[in-house]
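In order, the protein sequences belong to chains E and L.
Using this note's numbering, read the first sequence as starting at 126 and increasing by one per residue.
Using this note's numbering, read the second sequence as starting at 126 and increasing by one per residue.
Every residue gets a Cβ at the ideal spot worked out from N, C-alpha and C, and that includes glycine.
First up is the structure itself, then whatever we jot down about it.
Protein chains: 2
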Amino acid sequence: MAKATIEEVANLAGVSPSSVSRSLRDVGGVSAKTTERVRAAAEQLGYSASPAASRLATGRTGTLAIVMPNLTRWFFAELLGGVEQVVREAGLDLLVHNLGDTETRQGYFSSGLLRKRVDGVLLVTLALTEPEIDALMALDVPVCMVGTDVESFSSIRIDDVQSASTAVRHLVNLGHRRIGLISGAPDEPMHYTVPVHRRLGYRAALEAAGIPADRDLEVHGDFTIRGGDEATTQLLGQGELPTAIFAESDEMAFGALRALRRVGLQVPADISVIGFDDHPMAEYFDLTTISQDVREQGRQVAQQLVAAVSRPDGAPVRRLHAPTRLVVRGTTAVLGAEPRRAPSLAGNRTVPGQGAQHQSPDKGRRGSGPPALARQSATDQKERRGQRPLAT
Amino acid sequence: MAKATIEEVANLAGVSPSSVSRSLRDVGGVSAKTTERVRAAAEQLGYSASPAASRLATGRTGTLAIVMPNLTRWFFAELLGGVEQVVREAGLDLLVHNLGDTETRQGYFSSGLLRKRVDGVLLVTLALTEPEIDALMALDVPVCMVGTDVESFSSIRIDDVQSASTAVRHLVNLGHRRIGLISGAPDEPMHYTVPVHRRLGYRAALEAAGIPADRDLEVHGDFTIRGGDEATTQLLGQGELPTAIFAESDEMAFGALRALRRVGLQVPADISVIGFDDHPMAEYFDLTTISQDVREQGRQVAQQLVAAVSRPDGAPVRRLHAPTRLVVRGTTAVLGAEPRRAPSLAGNRTVPGQGAQHQSPDKGRRGSGPPALARQSATDQKERRGQRPLAT
DNA sequence: GCGGCAGGCGCAAGCGCTTGCGGTCCTTTT
DNA sequence: AAAAGGACCGCAAGCGCTTGCGCCTGCCGC
């Protein structure tokens, strides 16, 4: 029953294969009556068209590929979830390619692995080299990106620079002036742009606040818990302590919390910590952070790609920015505030709702510097109040 | 250059398309010299065969599908990582299908979504109903499963019953007799077997130790942090407190730790907690747990499936058990031991290496009850010593 | 030196679908 | 009422590859 061919359906319905084909895909040209008969026959035979054959005949593969540098880290898994949903609902297949290690990536785009195989490609967090861009364009299918962008392709990503600035500005507004940075991968095996941008945002915020840069305050954490831990230890080992730390990812912030706790520093009484991403565990740690809706980004970029592949003329390139918001929780506090009760990082209270939150000012506001900062200040305060968790 | 056809290659090489086809896939029947010429021509044209065409001609799709109930939870993402690697290295494509909600699952297997589309299917953690099994068999392709098993298909999974028993036995051996259980999904939307089995293991271990069952000690946690938190609160709210808790997943154990800390109970001085899975965060929380190598399970099952699809005669059904091991960390202690220093759940020390660990006795040792228990006891002690973390 | 054998190679027939083109037949339009 | 126009439908030619089957060499054995 699974192997019925279009001809059998045609015979059963008493029509030609052409009509079967046409009715089943409801392109026009078939009367309602015939369509109905065909439908019934197909149903009866459990018929579904062979993808291989129709691909060959139409030249369209009905398949999209998503290419990611990692599958297991939260960000990527979450994104994949959003993408998969949209793609499935569009009736397309999704191929997953993981460029885990540098060797796999090496030559991946020029190898014909994607050629004639997909109608569209989704690139995640991959900053492309020139030859890679060329190879992709040679594929002659729509390409969308998330997390990074290049001129030629549609993309969606957060504004890492602005968002990182928002995070640091939050600390500045709390009175901090000695702010450490824990950044991601120092050597960029995958050409990540994220650490670069978030660092730029950090420096920009400091500069805007008139705080001189101090390179000793910038350490590397490798985007992992352990890395954040070690980076923090390094930060604590040198001269004057920072009063606040901005970690470029929540995972590294977790590591920082652990390191701080180990040496007996209390958060946020002695030192404030802010992360980035709003990892599911961040709420657990009551970590102040920059939140982004990763799944939604996945959905959006997938929709964009789906739309692009289904329109014969090339779709217009659209480079979107996804919003971020500052989520103030319990790991940041006003500098020098009297210590509250004994610090406890892990859930001595819960954050019930979302509280008042804030769309980061990352669209169409470039270069409006000082006023933005002032406004930001006010916003932070409001959020903080709105966010104040209830005791459970 | 990307759209070269086999005929063009043939012309350039001065041979027939047949010879091109044969040389490029090195089936025999072509002289070395010709093969060489063809290779060169193909190279020059950047030729790669159209998958659609060869699929149609051969009837093989070169594609595998992995069907999972979730993509974003750590376990599934990790598994997918292992599977993807093997499948890619085998030169096959991987389709990912997420049966996130019950509606999506409803009728998924009977809908022709997989029909004529894949050479093999990988089912993750899905307990199948009879009609679903039938629909899968009707696909007439190899099917492998991980996390659950049925008679007809190859599979790999841990022995949830034995492993849960090991966890609880560990607590028993530490002197605990009042042991709470936080179990997974009570209503089984996806027909999970995991919570059922782990609970069976829990009960079996208690029974083996002569401890009477107490249904009040069994609460539901939904496999989430929050669920574990709430379940623990529930557990604490009723009569005599347990002295130890077995959570069926690490996430729920994290929630339990939070709940305990909130009410001021110290772990492990006042109460011991053991989890299950060895989630990456478990080390961070210094959580004693049952460890399984999820990625490796993914690799193995993928290898099995790859082997099955590439052999024309049906591959033999093999139902494997993956090993688990008890990893003793800092959240479990001897009942009534004098309190150690002030408890601190979040990383006041690190666990540097793996320490001495233990293959759970889940292969070929069924029914060897008491001796196993005795041995287990000894082993536990040794592990505990070997595992003792160093201060950093 | 001749029959036979086998390795190399090309022919052509598909694989199962889609689609341009034309043929019917039934409505409209004039 | 005749002609023009549609609406429907089938024919057949592909889509680009694989593969069974013959043919043609060259080479071996007797």
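Step through the CB atoms of chain E and report whether any lies within less than 7 Å of the CB of P267(L).
No, no contact with chain E.
Contact check, S280(E) vs T449(E) under 8 Å by CB: the rounded distance?
That pair is no contact at about 16 Å.
With DSSP collapsed to three states, give me the class of V392(L).
coil
For the beta strand (DSSP E) that T414(L) lies in, which residues bound it at each end?
Per DSSP, the continuous beta strand (DSSP E) segment holding T414(L) begins and ends at T414 to Q417.
Counting only Cβ-Cβ distances shorter than 9 Å, please list the residues of the segment 379-406 of chain L near chain E, keeping chain order.
F379, G380, L382, R383, A384, R386, R387, P405 and M406
Please confirm whether E228(L) has its beta-carbon closer than 7 Å to some beta-carbon of chain E.
no
Please say whether T357(E) and T203(L) have beta carbons closer to each other than 7 Å?
In the sequence under discussion, the amino acid at residue 203(L) is Glu, which differs from the Thr named in the question. Not in contact: E203(L) and T357(E) (Cβ atoms no closer than 7 Å).
Going by C-alpha to C-alpha distance, which of F278(L), A334(L), R282(L) and Y317(L) sits closest to R303(L)?
A334(L)
If we define contact as Cβ-Cβ less than 7 Å, is P176(L) a contact residue for chain E?
Closer than 7 Å to some Cβ of chain E, the Cβ of P176(L) qualifies, so yes.
Can you check the segment 242-327 of chain L for any beta strand (DSSP E) of at least 3 residues that lies completely inside it and give the ranges in chain order?
Entirely contained in the segment 242-327 of chain L, the beta strand (DSSP E) runs reaching 3 residues are, in chain order, 245-249, 268-271, 279-283 and 304-308.
Along the segment 230-254 of chain E, what residues have a CB closer than 8 Å to any CB found in chain L?
G237, R240, K241 and R242
Are there three or more Cβ pairs, one per stretch, closer than 8 Å when the segment 406-422 of chain E is compared with the segment 431-447 of chain E?
yes
Between Q363(L), D354(L), E257(L) and A369(L), which lies nearest to E376(L) when the distance is taken from Cα to Cα?
When the alpha-carbon of E376(L) is set against those of Q363(L), D354(L), E257(L) and A369(L), the nearest one is in D354(L).
Can you pull out the residues from the segment 203-219 of chain E whose beta carbon lies closer than 8 Å to at least one beta carbon of chain L?
Under the 8 Å Cβ criterion, the segment 203-219 of chain E contributes E203, L205, G206, E209, Q210, R213, D218 and L219.
List the endpoints of the continuous beta strand (DSSP E) containing E373(L).
Taken as a continuous stretch (DSSP letters only), E373(L) belongs to no beta strand (DSSP E), as it is neither H nor E.
Please report the straight-line C-alpha distance between R180(E) and R147(L), rounded to a whole angstrom.
Going from the Cα of R180(E) to the Cα of R147(L) covers about 23 Å.
Thinking just about the alpha-carbon of each residue, which of S374(L), G300(L) and V266(L) is nearest to the one in S308(L)?
Minimum Cα-Cα distance from S308(L) among the listed residues S374(L), G300(L) and V266(L) corresponds to S374(L).
Quick one: which chain L residues come within Cβ less than 9 Å of R180(E)?
Under the 9 Å cutoff, chain L gives S175, P176, A177, A178, R180 and L181.
Decide if V152(E) is buried, meaning its Cβ has at least 16 other Cβ atoms within 10 Å, or exposed.
exposed
Please state whether DSSP places S144(L) in a helix, a strand or coil.
helix
Which of helix, strand or coil does DSSP assign to E365(E)?
Coil at E365(E), not helix or strand.
Leaving out five residues before and five after R500(L) in sequence, what residues of the same chain have Cβ atoms less than 7 Å from its Cβ?
Annotation note: pLDDT 32 at R500(L) (below 50); position unreliable, coordinate value reported separately. Nothing meets the Cβ criterion.
Within the continuous beta strand (DSSP E) that includes V344(L), where are the two ends?
E343 to H345
So is the beta-carbon of G346(L) under 6 Å away from any non-hydrogen atom of the ligand ZN?
Ligands displayed in this structure: none; no statement on the ligand ZN is therefore possible.
When burial is assigned at 16 or more other CB atoms within 10 Å of the CB, is L366(L) buried or exposed?
Under a 10 Å Cβ-count criterion, L366(L) is classified as exposed, with fewer than 16 other Cβ atoms of the shown protein chains found around its own Cβ.
Given a threshold of 16 other Cβ atoms within 10 Å of its Cβ, counted over all protein chains shown, does G139(E) qualify as buried or as exposed?
exposed
Counting only Cβ pairs nearer than 7 Å, list the residues of chain L close to L196(E).
Taking a Cβ-Cβ threshold of 7 Å, the residues of chain L close to L196(E) are A202, L205, G206 and E209, in chain order.
Please name the residue or residues paired with I399(E) in a DSSP beta bridge.
F371(E) and T413(E)
Give the residues of chain E in contact with I350(L), contact being defined as C-beta atoms less than 7 Å apart.
Y409
Within a Cβ cutoff of 7 Å, which residues of the same chain sit near S416(E), ignoring the five residues on either side of it in sequence?
D403, T449, R450 and V452
With 7 Å as the limit, tell me which residues of the segment 421-447 of chain E have their beta carbon closer than that to any beta carbon of chain L; keep them in chain order.
For the segment 421-447 of chain E, which is checked against every Cβ of chain L, not one residue is closer than 7 Å.
Go ahead and label S469(E) buried or exposed: buried means 16 or more other beta carbons lie within 10 angstroms of its beta carbon, across all protein chains shown.
Note on S469(E): pLDDT 42, under 50, position unreliable in the model; the coordinate value appears next. The residue is buried, with at least 16 neighbouring Cβ atoms inside 10 Å.
Using three-state DSSP, classify V452(E) as helix, strand or coil.
The three-state secondary structure of V452(E), taken from DSSP, is strand.
Measuring only the C-alpha atoms, how far is R240(E) from S173(L)?
Cα to Cα, R240(E) sits roughly 8 Å from S173(L).
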